[in-house]
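Engineer:
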Amino acid sequence: MNETDVVIIGAGHNGLTCAAYLAMGGLRVKVVERRKVVGGAAVTEEFCPGFRNSVAAYTVSLLNPKVLGDLKLAEHGLKIVERRAQNFLPAPDGRYLLTGEGRTLPSIAKLSARDADAIESFSRELEAIADVLREFVLRAPPNLVEGFGAGAIRESFNALGSASILRQLSLEQKRDLLDLFTRSAGEMLDERFENDLVKALFGFDAIVGNYASPYAAGSAYVMLHHAFGEVNGKKGVWGHAIGGMGAITQTMARAARAHGAEIETEAGVREVIVERDRAVGVILDNGATVRAKYVASSVNPKLLYTRLVPTQALPPEFLARIERWRNGSGTFRMNVALSTLPSFTALPGDGDHLTAGIILGPSLAYMDRAWQDARAHGWSREPVVEVLIPSTLDDTLAPQGQHVASLFCQHVAPELPEGKSWDEHREEVADLMVATVDKYAPGFAASVIGRQILSPLDLERQFGLLGGDIFHGALTLNQLFSARPMLGHADYRGPVRGLYHCGSGAHPGGGVTGAPGHNAAQVILRDHRALFG
Ligand SMILES: Cc1cc2nc3c(=O)[nH]c(=O)nc-3n(C[C@H](O)[C@H](O)[C@H](O)COP(=O)(O)OP(=O)(O)OC[C@H]3O[C@@H](n4cnc5c(N)ncnc54)[C@H](O)[C@@H]3O)c2cc1C
Numbered sequence: 000m001n002e003t004d005v006v007i008i009g010a011g012h013n014g015l016t017c018a019a020y021l022a023m024g025g026l027r028v029k030v031v032e033r034r035k036v037v038g039g040a041a042v043t044e045e046f047c048p049g050f051r052n053s054v055a056a057y058t059v060s061l062l063n064p065k066v067l068g069d070l071k072l073a074e075h076g077l078k079i080v081e082r083r084a085q086n087f088l089p090a091p092d093g094r095y096l097l098t099g100e101g102r103t104l105p106s107i108a109k110l111s112a113r114d115a116d117a118i119e120s121f122s123r124e125l126e127a128i129a130d131v132l133r134e135f136v137l138r139a140p141p142n143l144v145e146g147f148g149a150g151a152i153r154e155s156f157n158a159l160g161s162a163s164i165l166r167q168l169s170l171e172q173k174r175d176l177l178d179l180f181t182r183s184a185g186e187m188l189d190e191r192f193e194n195d196l197v198k199a200l201f202g203f204d205a206i207v208g209n210y211a212s213p214y215a216a217g218s219a220y221v222m223l224h225h226a227f228g229e230v231n232g233k234k235g236v237w238g239h240a241i242g243g244m245g246a247i248t249q250t251m252a253r254a255a256r257a258h259g260a261e262i263e264t265e266a267g268v269r270e271v272i273v274e275r276d277r278a279v280g281v282i283l284d285n286g287a288t289v290r291a292k293y294v295a296s297s298v299n300p301k302l303l304y305t306r307l308v309p310t311q312a313l314p315p316e317f318l319a320r321i322e323r324w325r326n327g328s329g330t331f332r333m334n335v336a337l338s339t340l341p342s343f344t345a346l347p348g349d350g351d352h353l354t355a356g357i358i359l360g361p362s363l364a365y366m367d368r369a370w371q372d373a374r375a376h377g378w379s380r381e382p383v384v385e386v387l388i389p390s391t392l393d394d395t396l397a398p399q400g401q402h403v404a405s406l407f408c409q410h411v412a413p414e415l416p417e418g419k420s421w422d423e424h425r426e427e428v429a430d431l432m433v434a435t436v437d438k439y440a441p442g443f444a445a446s447v448i449g450r451q452i453l454s455p456l457d458l459e460r461q462f463g464l465l466g467g468d469i470f471h472g473a474l475t476l477n478q479l480f481s482a483r484p485m486l487g488h489a490d491y492r493g494p495v496r497g498l499y500h501c502g503s504g505a506h507p508g509g510g511v512t513g514a515p516g517h518n519a520a521q522v523i524l525r526d527h528r529a530l531f532g
């Protein structure tokens with residue numbers, strides 16, 4: 000048995016961020032991680048001899064600049080580079096859209112003069128709202144509390160603070176914000192643009208990790224969620240961490256350890272110990288016990304409350320509601336080792352477009368069909384695939400002259416219909432994904448010399464991502480902001496005293512941001528000071 004101030008369940012990037020802040024705040028911290036390596040869904044592994052890649056999360060933008068700075072990740076060795084082009088969308092008819100600094104407008108103008116006129120105001124609208132919403136990322140959302148005690152007073156001030164942030168938006172921008180929270184991306188894009196590729200550029204952000212049609216209400220928020228990011232101070236830009244996403248979490252682990260946090264791997268938690276209505280530690284899979292003043296969990300909230308916290312410790316209505324927590328991103332992830340770079344029919348040969356996020360999903364109608372098909376059949380027979388070739392920006396990942404690519408594929412059903420199992424269909428669907436890329440870049444399939452496949456079931460088994468949900472719970476209005484993970488618990492405090500949420504299942508949700516870990520640490524430190532001065 001060992002004792003500490005805080006035990007953190009899971010060494011994903013949020014668990015590590017939380018650990019670093021708590022250790023900086025003077026608390027003794029122990030992180031316990033089920034896997035052999037730290038990093039959770041942000042890890043780099045060798046998936047084929049000589050070829051390494053980010054296994055799950057594969058591209059960086061959302062990582063919060065304050066977290067980057069406070070944890071001194073650059074000093075601990077993290078280097079993030081921009082893609083030389085942001086997105087490349089080839090169409091089957093040979094046309095394409097290529098975005099990035101100085102490229103977006105001329106490329107759109109070639110497709111549609113009307114859309115070239117419309118893009119500026121749409122981007123401005125999104126950016127203005129993203130700018131204001133960024134201010135919510137590193138603060139706890141207003142939490143609903145009953146009664147008139149100290150908690151209610153604190154939350155009234157929090158609500159006033161949030162209202163004053165929103166007051167920066169004009170009335171018209173507030174109307175836009177309401178649209179973005181409630182409407183479908185598809186409808187909003189159809190109103191503004193005429194070209195399919197232009198709509199698909201934004202539509203992809205609305206369906207990525209979101210098992211829904213781009214015409215589903217609420218999908219506009221998912222589009223907005225992906226616009227919060229920045230790379231090296233440039234807003235809305237996506238980039239690459241040299242060494243892959245694991246470089247981010249390795250440097251976070253270094254930062255946490257440098258401040259005194261202890262991290263133990265192959266130390267899965269079997270149970271949260273609750274004594275006299277207070278969480279006081281955890282029991283590991285090997286039977287060892289870690290006792291602590293506070294327990295912070297970075298795992299999916301449904302996993303925490305249905306598998307790790309004893310049922311009798313929870314209010315029945317809380318348990319019933321968390322059992323209905325909606326998981327399931329509908330994504331299928333592959334890493335492939337390539338003997339050579341792909342050549343796209345729409346833009347043959349090498350070039351900056353091969354450093355971009357290459358989106359194979361040429362229209363909103365295509366994306367809608369992909370979802371409909373996955374609902375009926377289990378996976379879309381014409382899937383949406385994003386291809387990213389990080390070895391074009393990073394020569395540490397593959398042998399010289401060869402490459403690695405991430406394929407992020409939407410839509411597949413989190414659970415297959417008619418009792419079918421992903422174990423039986425993994426290879427068949429992987430072949431389909433490779434064939435889909437081959438349609439746009441003939442010869443791609445022949446260049447694949449190794450592959451790693453992660454179906455939704457594999458994501459659940461390997462990373463504890465229930466239903467393969469990449470965000471620890473869908474980003475729907477009923478699971479966001481003050482409702483993440485549940486109304487009354489948006490302040491990072493669980494229903495059991497001493498138990499906190501520090502992972503993506505808490506505000507502001509999924510993505511490699513570090514924000515839930517940062518925010519939870521502030522709450523734990525505040526509670527600690529209130530108890531012990
Ligand atoms: C396929 C995929 C692609 C993605 N792409 C991107 C992307 O490109 N960019 C981006 O920003 N985001 C991306 N995301 C989302 C992002 O990776 C996640 O939202 C984020 O990594 C979650 O971080 P976390 O620390 O909250 O949780 P996790 O990373 O899930 O960490 C939780 C940790 O808890 C551990 N754990 C689970 N159960 C136990 C237990 N019982 N005891 C101890 N430990 C336990 C897990 O092993 C894991 O290490 C992607 C995710 C996936 C899955």
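Position 36 of the sequence shown, counted from 1, bears residue number 35 in numbering that gives the first Met the number 0, the numbering being contiguous throughout. In this text, a Cβ means the ideal position worked out from N, Cα and C, and glycines have one as well.
(1) For residue 338, collect the residues of the same chain with a Cβ closer than 7 Å to its Cβ; drop the 5 residues on either side in sequence, then sort them by chain order.
(2) Quick one: give me the first and last residue of the alpha helix (DSSP H) that residue 198 is part of.
(3) Given a cut-off of 8 Å, decide if residue 346 and residue 89 are closer than it, judged by their beta-carbon atoms.
(4) Tell me which residues share the same chain as residue 367 and place their Cβ nearer than 8 Å to its Cβ, disregarding the 5 neighbours each side in the sequence.
(5) For residue 494, tell me which candidate among 426, 296, 79 and 187 has the shortest Cα-Cα distance.
(6) Less than 7 Å separating the Cβ of residue 86 from some heavy atom of ligand 1?
(7) Determine the extent of the alpha helix (DSSP H) in which residue 167 is found, giving its start and end residues.
(8) Buried or exposed, going by whether 16 or more other CB atoms sit within 10 Å of the CB of residue 105?
(9) Have a look at residue 506 and residue 479 and give me their C-alpha separation to the nearest angstrom.
(10) For the stretch 307-326 and the stretch 57-65, state whether three or more C-beta atom pairs, one from each stretch, are separated by less than 8 Å.
(11) Any heavy atom of ligand 1 closer than 7 Å to the Cβ of residue 191?
(12) Quick one: which unbroken beta strand (DSSP E) runs of 3-plus residues sit fully inside the stretch 39-69? Chain order, please.
(13) Whole angstroms are fine: how far does the CA of residue 210 sit from the CA of residue 377?
(14) Is any heavy atom in ligand 1 found nearer than 7 Å to the beta carbon of residue 473?
(15) Where residue 443 and residue 195 are concerned, what is the direct C-alpha to C-alpha distance, given to the nearest angstrom?
(16) Rounded to whole angstroms, what's the CA-CA distance from residue 477 to residue 157? Just pull it up for me.
(17) Is it the case that the stretch 243-254 contacts the stretch 29-45, given that we only count it when at least three CB pairs across the two stretches are under 8 Å?
(18) With a threshold of 7 Å (Cβ to nearest heavy atom), would residue 231 be considered close to ligand 1?
(19) Answer yes or no: the CB of residue 75 versus the heavy atoms of ligand 1, is any distance below 7 Å?
(20) Could you tell me whether the Cβ atoms of residue 453 and residue 55 are closer together than 8 Å?
(21) Do the CB positions of residue 386 and residue 436 come within less than 8 Å of each other?
(22) Using the rule of at least 16 other Cβ atoms within 10 Å of the residue's Cβ for burial, across every protein chain shown, is residue 483 buried or exposed?
(23) Would you say residue 273 and residue 226 are within 8 Å of each other, going by their C-beta atoms?
(24) Within the stretch 310-385, note down every full alpha helix (DSSP H) run reaching 4 residues or more, in order along the chain.
(25) Rounded to whole angstroms, what's the CA-CA distance from residue 142 to residue 152? Just pull it up for me.
(26) Let me check understanding here. Comparing Cα to Cα, which of 201, 206, 219 and 149 lies closest to residue 176?
(27) Using 10 angstroms around the beta-carbon of residue 120, count the other beta-carbons present and answer buried if the total reaches 16, otherwise exposed.
(28) Take every Cβ of the stretch 15-35, pair it with every Cβ of the stretch 253-273, and state whether three or more of those distances are shorter than 8 Å.
(29) Any chance you could list the beta strand (DSSP E) runs of at least 3 consecutive residues sitting entirely within the stretch 220-291, in chain order?
(30) Would you mind working out which of 390, 432, 49 and 340 sits nearest residue 408, comparing C-alpha positions?
(31) CB residue 32 to CB residue 266, shorter than 8 Å?
(32) What is the residue span of the beta strand (DSSP E) that residue 1 lies within?
(33) According to DSSP, which residues form a beta bridge with residue 442?
(34) Just the C-alpha distance for residue 107 and residue 439, rounded to the nearest angstrom, thanks.
(35) For residue 423, does the count of other Cβ atoms within 10 angstroms reach 16, so buried, or fall short, so exposed?
Structural biologist: In brief:
(1) As a first step, residue 338 must be located in the sequence shown, where it is residue number 339. If we look at residue 338 and ignore the five residues flanking it on each side, its Cβ neighbours are 401, 446 and 448.
(2) Against the sequence shown, residue 198 aligns to sequence position 199. Its alpha helix (DSSP H) spans residues 195-206.
(3) Here residue 89 refers to the residue found at position 90 of the sequence shown. Here residue 346 refers to the residue found at position 347 of the sequence shown. For residue 89 and residue 346, yes; Cβs fall inside 8 Å.
(4) Taking the first residue of the sequence shown as 1, we reach residue 367 at position 368. Only 185, 212, 213 and 214 meet the Cβ criterion.
(5) In the sequence shown, residue 494 corresponds to position 495, counting from 1. Comparing Cα positions, the closest option is 296.
(6) The residue given as residue 86 occupies position 87 in the sequence shown. Outside the cutoff, so no.
(7) Translated into the one-based positions of the sequence shown, residue 167 becomes position 168. Element bounds for residue 167: n/a, residue is neither H nor E.
(8) Sequence index remark: in the sequence shown, residue 105 carries index 106 (1-based). Exposed, by the Cβ-count rule.
(9) For the purposes of this step, residue 506 is taken as residue 507 along the sequence shown, with counting starting at 1. For the purposes of this step, residue 479 is taken as residue 480 along the sequence shown, with counting starting at 1. Taking the straight line joining both Cα atoms gives about 7 Å.
(10) no
(11) Here residue 191 is taken as the residue at index 192 of the sequence shown, counted from 1. No, the Cβ of residue 191 stays beyond 7 Å of every heavy atom of ligand 1.
(12) 43-47 and 50-53
(13) Against the sequence shown, residue 377 aligns to sequence position 378. Against the sequence shown, residue 210 aligns to sequence position 211. Going by the C-alpha atoms only, they are around 12 Å apart.
(14) Along the sequence shown, read from residue 1 onward, the residue named residue 473 stands at position 474. No.
(15) For the purposes of this step, residue 443 is taken as residue 444 along the sequence shown, with counting starting at 1. For the purposes of this step, residue 195 is taken as residue 196 along the sequence shown, with counting starting at 1. Taking the straight line from one Cα to the other gives about 25 Å.
(16) Numbered from 1 along the sequence shown, position 478 holds the residue referred to as residue 477. Numbered from 1 along the sequence shown, position 158 holds the residue referred to as residue 157. Roughly 20 Å separates the two Cα atoms.
(17) yes
(18) Position 232 of the sequence shown holds residue 231. Not so, every heavy atom of ligand 1 lies at least 7 Å from the Cβ.
(19) Taking the first residue of the sequence shown as 1, we reach residue 75 at position 76. No, the Cβ of residue 75 stays beyond 7 Å of every heavy atom of ligand 1.
(20) Position 454 of the sequence shown, counted from the first residue, corresponds to residue 453. Position 56 of the sequence shown, counted from the first residue, corresponds to residue 55. The answer is yes: Cβ separation under 8 Å.
(21) For this step, residue 386 is matched to residue 387 along the sequence shown. For this step, residue 436 is matched to residue 437 along the sequence shown. The answer is yes: Cβ separation under 8 Å.
(22) One-based indexing of the sequence shown puts residue 483 at position 484. Burial call: buried.
(23) Working through the sequence shown from its first residue, we reach residue 273 at position 274. Working through the sequence shown from its first residue, we reach residue 226 at position 227. No, Cβ-Cβ distance for residue 273 and residue 226 is not below 8 Å.
(24) 315-322 and 363-376
(25) Indexing the sequence shown from 1 puts residue 142 at position 143. Indexing the sequence shown from 1 puts residue 152 at position 153. Their Cα atoms are separated by approximately 11 Å.
(26) In the sequence shown, the residue the question calls residue 176 occupies position 177. Closest by alpha carbon: 219.
(27) Residue mapping note: residue 120 aligns to position 121 of the sequence shown, counting from 1. By the neighbour-count rule (16 or more Cβ atoms within 10 Å), residue 120 is not buried but exposed.
(28) yes
(29) 238-240, 261-263, 268-274 and 277-283
(30) The residue given as residue 408 occupies position 409 in the sequence shown. Ranking 390, 432, 49 and 340 by Cα distance to residue 408 puts 432 first.
(31) As a working mapping, residue 32 is identified with position 33 in the sequence shown. As a working mapping, residue 266 is identified with position 267 in the sequence shown. Going by C-beta atoms, residue 32 is nearer than 8 Å to residue 266.
(32) The count along the sequence shown starts at 1 and reaches residue 1 at position 2. Note, residue 1: beta strand (DSSP E), 1-8.
(33) Along the sequence shown, read from residue 1 onward, the residue named residue 442 stands at position 443. Partner(s): none; residue 442 has no beta bridge.
(34) The count along the sequence shown starts at 1 and reaches residue 107 at position 108. The count along the sequence shown starts at 1 and reaches residue 439 at position 440. Approximately 20 Å between the Cα atoms of the pair.
(35) Translated into positions along the sequence shown, residue 423 becomes position 424. Exposed, by the Cβ-count rule.
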